[in-house]
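In this note's numbering, the protein residues as written are 29 to 229.
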């Protein structure tokens, strides 16, 4: 709270604003944003390099290259999404693995909320979202905080259909063709349309 004396004797400093802005270089917002973005990219690359050196130190050079091949890092050369997932998983904790071999990670430290849970698919060359089973889908999309393993223990054993991935885009044998379609080999066993004829008495 300003005292009465300060209010009585306070005077605005006599500074020419144009002179002030000429003497102090303030970068425009666009330039500041670009600089911050470049700095973040540099920090991410430094984290990647630190992670590589840490892995080499822990596993040795032979073990590192063996894991490099087995974990699908060679596919990262051709698939940017896989590379981004691999980079993002540095420092993340492995929460679980489902029956298809998909790995589920959580990274709570420096990651934006809502992007801190992610999946690394078992099939590195061909992946899609339908490969995630329902119990892990709930955890991945923040519907529940229970992991897929916890939900599987609660699932009744008497009923339930096993999850299968959607193969609709994988070739002619997986695409549904209705009866009568040229590519459907099943014989049409119904009669053609016949107009209704009323009975004559």
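In this text, a Cβ means the ideal position worked out from N, Cα and C, and glycines have one as well.
So, under 8 Å CB-CB, residue i and residue j are touching, yes? Tell me the CB distance rounded to an integer number of Å.
i, j, result
"residue 130", "residue 160", "7 Å"
"residue 147", "residue 132", "5 Å"
Going straight from the alpha carbon of residue i to that of residue j, what length do you get?
i, j, result
"residue 87", "residue 78", "14 Å"
"residue 72", "residue 206", "51 Å"
"residue 166", "residue 226", "58 Å"
"residue 210", "residue 223", "25 Å"
"residue 82", "residue 157", "32 Å"
"residue 114", "residue 67", "20 Å"
"residue 119", "residue 144", "11 Å"
"residue 135", "residue 175", "15 Å"
Does DSSP put residue i in a helix, a strand or coil?
i, result
"residue 121", "strand"
"residue 114", "helix"
"residue 131", "strand"
"residue 69", "helix"
"residue 109", "helix"
"residue 140", "coil"
For the beta strand (DSSP E) that residue i lies in, which residues bound it at each end?
i, result
"residue 178", "Careful: residue 178 lies outside any beta strand (DSSP E), inside the alpha helix (DSSP H) at 176-182."
"residue 190", "Note, residue 190: premise wrong, no beta strand (DSSP E); not H, not E."
"residue 148", "145-148"
Within the continuous alpha helix (DSSP H) that includes residue i, where are the two ends?
i, result
"residue 168", "162-168"
Heavy atom of the ligand MG less than 7 Å from the Cβ of residue i, yes or no?
i, result
"residue 147", "The ligand MG is absent from the structure shown, which contains no ligands of any kind."
Any C-beta of chain B sitting closer than 8 Å to the C-beta of residue i?
i, result
"residue 109", "In the structure shown, chain B does not exist; there is a single protein chain."
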